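First up is the structure itself, then whatever we jot down about it.
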Amino acid sequence: MPSSARHDDADAAQPFVPLDRTAAELLARTLRAVADPTRLQLLSMIAGAESGEVTVGDLATTLGMTQPTITHHLRIMVDDGLLVRDQRGRQVWHSIAASRKSAILDLLR
Amino acid sequence: MSKSPRTIGRPLDTEAARARAKQISALTDPVNLRVLSMIAATPAPQSSSPALADALVLPVTEVDRAMTDLTGVGLLATDLRGQFQLTADAWVRFGRLLAAPVIGQATSMSSAAPTQNGAVPPVILRIVDDLSYRFSSTFSRETVARYVTESYALLAERAHIVRFLPSLTAKFATDRLSALATAEGLVLRGTPEVLFVCVQNAGRSQMAAAILRQLAGDSVHVRTAGSAPAAAVHPVVVEALDEIGVPLATEFPKPLTEEVVQAADYVITMGCGDACPIYPGRRYMDWVLEDPVDKSLAEVRVMRDEISARVLALLAEMMPTNQPAIR
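Residue numbers (the working numbering), protein chains in the order written: chain A, 23 to 131; chain B, -3 to 323.
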């Protein structure tokens, strides 16, 4: 997409293919999983974790919420493939799915 | 079981989380999403609701409703010409999501110049130490060392950059590492990232960047690069900016590198043509401006004023809600 062929500023041809209907419906469904202030707060804590993963207990303590509430929110995001769940012993760890990381981080900016 | 405090991220504050959730909620409607994506992909003069409705095969009333929703949550705003534009929030948070993936993005970048062959001077190791300390919460020493030595090689291979090579290396490597941290989402910046690219990174892009820094301060993060960087910023450019009280003292021409483009939300090219790679989901603009090289001070003043006007228009697009203070 050469930018040299243009004559005026401001609105260069965008290197940008708009979403088609199917892609938009798919993305809208994913966004539904994060369209919630608590879930965004959870994502920001997981994103900022030094090791990239956190336990339900860590999140509950920091946000001052009960573990079942946190678990409910996390499950929605796990079901949508945004988070990855890893049970090790009695602890369950959650991390952001590698393929979704950059998109999630943009949403938090 | 010991309850040693683990380091987890600080949560977004409630207010910020609520504002983002509202924007995301607006985009859980596929029509809103398609309208925003289409406006992002469409040059402004065509972004009227009938034209959009046509392109999307949707009723105009639906498109109007979507535009109202999106404006209400601060994802769309009207620019100076009354055209709907994505806000900086929209580009920063959703730009990359709104573009359909493009197959086969070709990029040719200044990168990985061989550094193994000559020994690096001791001062470069000192820079690695300093920057490893500075970026210790973000990057390993190995990553810092790789970027510092590569930055050194990129600057050193331009034989004419001899003076202040160590301090320029440190500055270039710092810029690149902070761009990398942004591109990889390791630091969350709420501010839009703007990249100006011209050929030599000695005139046009430096003027635009200096003026934008002066006007926007910390609310915008500004970077520059050149597709074929010169040895130094043109003195006549420094002089023309000094006349209007805009400092340009510590800037220097530097090559275009991958992470700097990746980190940008707004990319403004000026005559570098195809040299600047294109990633989907950024706001790209091409400003057609003459090269100030070999121009007289009087001619550069005219260019300076034109660039100044364009920067103001860009800023108005990015921050449409900037209201004059009443105090």
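Virtual Cβ for every residue (Gly too), placed ideally from N, Cα, C. Treat the numbers as computed from the prediction; the structure is a model and nothing was measured.
According to DSSP, is B/His230 helix, strand or coil? Under the three-state reduction of DSSP, B/His230 is assigned to coil, being neither helix nor strand.
Requested in this report: With 7 Å as the C-beta to C-beta threshold (strictly closer), list the residues of the stretch 16 to 29 of chain B near chain A in chain order.
Outcome: Arg16, Ala17, Ile20, Ser21, Leu23, Thr24, Asp25, Pro26, Leu29
Original post:
Which class does B/Gly91 belong to by DSSP, given the choice of helix, strand or coil?
Top reply: helix
- Apart from the five residues just before and just after B/Leu23, which ones in its own chain have a Cβ nearer than 6 Å to its Cβ? Leu29
With a cut-off of 9 Å, does the C-beta of A/Asp101 fall near any C-beta of chain B?
So no, A/Asp101 is outside the interface.
Beta-carbon within less than 8 Å of A/Asp108's beta-carbon, same chain only, minus the 5 sequence neighbours each way: which residues are those?
Glu75, Val114, Trp115, His116, Ser117
- Between which two residues does the alpha helix (DSSP H) containing B/Arg30 stretch? 26 to 37
Review point. Taking C-alpha atoms, which residue in A/Ala50, A/Ala69, A/Phe38 lies nearest to A/Lys123?
Key: A/Ala69
| field | Partner residues on chain B for A/Ile68, Cβ-Cβ distance less than 8 Å | value | In chain order: Ile4, Gly5.
For this session: Rank B/Leu71, B/Ser201, B/Pro55 by C-alpha distance to the C-alpha of B/Leu191 and give the top, closest one.
Result: When C-alpha distances from B/Leu191 are compared across B/Leu71, B/Ser201, B/Pro55, the shortest belongs to B/Ser201.
Practice task
Closer than 7 Å by C-beta to B/Ser45: which residues in its own chain qualify, once you throw out the five before and the five after it? Chain order, please.
Solution key: Val56, Val59, Asp60, Met63
* Asked: With C-beta atoms as the reference, is B/Ala271 less than 9 Å away from B/Val195?
  -> yes
Worksheet item: Under three-state DSSP, which class holds A/Asp108?
Response: strand
In angstroms, rounded to a whole number, what distance separates the CA positions of B/Gln101 and B/Val284?
-> For B/Gln101, the pLDDT reaches just 43, beneath the cut-off of 50, and the residue's location in the model is therefore unreliable, leaving the point undetermined.
B/Thr324 burial status per 10 Å Cβ neighbour count (16 or more: buried):
Nothing about residue 324 of chain B can be read from this structure; chain B reaches only from -3 to 323.
Are the CB atoms of B/Tyr143 and B/Ala179 nearer to each other than 9 Å? no
C-alpha distance - B/Pro118 paired with A/Leu130, whole-angstrom precision = 40 Å
> Rounded to a whole number of angstroms, what is the C-alpha to C-alpha distance between B/Gly78 and A/Gly111?
Replying inline: Answer to the nearest angstrom: the Cα atoms are 59 Å apart.
- Task: Taking C-beta pairs closer than 9 Å, name the residues in chain A that B/Arg92 reaches, listed in chain order.
- Result: Within chain A, the residues near B/Arg92 are Ser124, Ala125, Asp128.
**Prompt:** Would B/Pro243 be called buried (16 or more neighbouring beta carbons within 10 Å of its own) or exposed?
**Reply:** Of the residues assessed, B/Pro243 falls on the exposed side of the cut-off, its CB having fewer than 16 other CB atoms within 10 angstroms.
**Asked** Whole-angstrom Cβ separation of A/Met67 and A/Leu81, contact assumed at under 8 Å?
**Response** 6 Å
Check: Taking only beta-carbon atoms, is B/Gly181 less than 9 Å away from chain A?
Finding: yes
Between which two residues does the beta strand (DSSP E) holding B/Gly222 run?
217 to 222
Between the Cα of A/Ala50 and those of B/Phe90, B/Leu76, B/Thr74, B/Val69, spot the shortest distance and give me the residue it belongs to.
B/Phe90
From the DSSP secondary-structure annotation, give me the bridge partner or partners of A/Val114.
A/Gln109
| said: List, in chain order, every chain A residue whose beta-carbon is nearer than 7 Å to that of B/Met34. | reply: By Cβ distance, chain A contributes Pro40.
Where do the ends of the beta strand (DSSP E) carrying B/Val193 lie?
-> 189 to 194
Pull up the distance between the alpha-carbon of B/Ile207 and that of B/Asp214, whole angstroms please.
-> Near 13 Å, if we compare the C-alpha coordinates of B/Asp214 and B/Ile207.
Helix, strand or coil for B/Phe80, going by three-state DSSP, please let me know. It is a strand residue.
Checklist entry - Do the CB positions of B/Ser84 and B/Met314 come within less than 9 Å of each other? => result Checking the displayed sequence, the identity of residue 84 of chain B turns out to be Ala instead of Ser. Yes, Cβ-Cβ distance for B/Ala84 and B/Met314 is below 9 Å.
Quick one: what's B/Thr57 bridged to in DSSP? None, per the DSSP bridge assignment.
Quick one: what's got a C-beta closer than 6 Å to B/Ala87's C-beta in the same chain, skipping five residues either side? This sequence places Trp at residue 87 of chain B; Ala is not what is there. Closer than 6 Å at Cβ, skipping near neighbours: Asp261, Arg279.
key: Burial state of A/Leu104 (16 or more Cβ within 10 Å)   = buried
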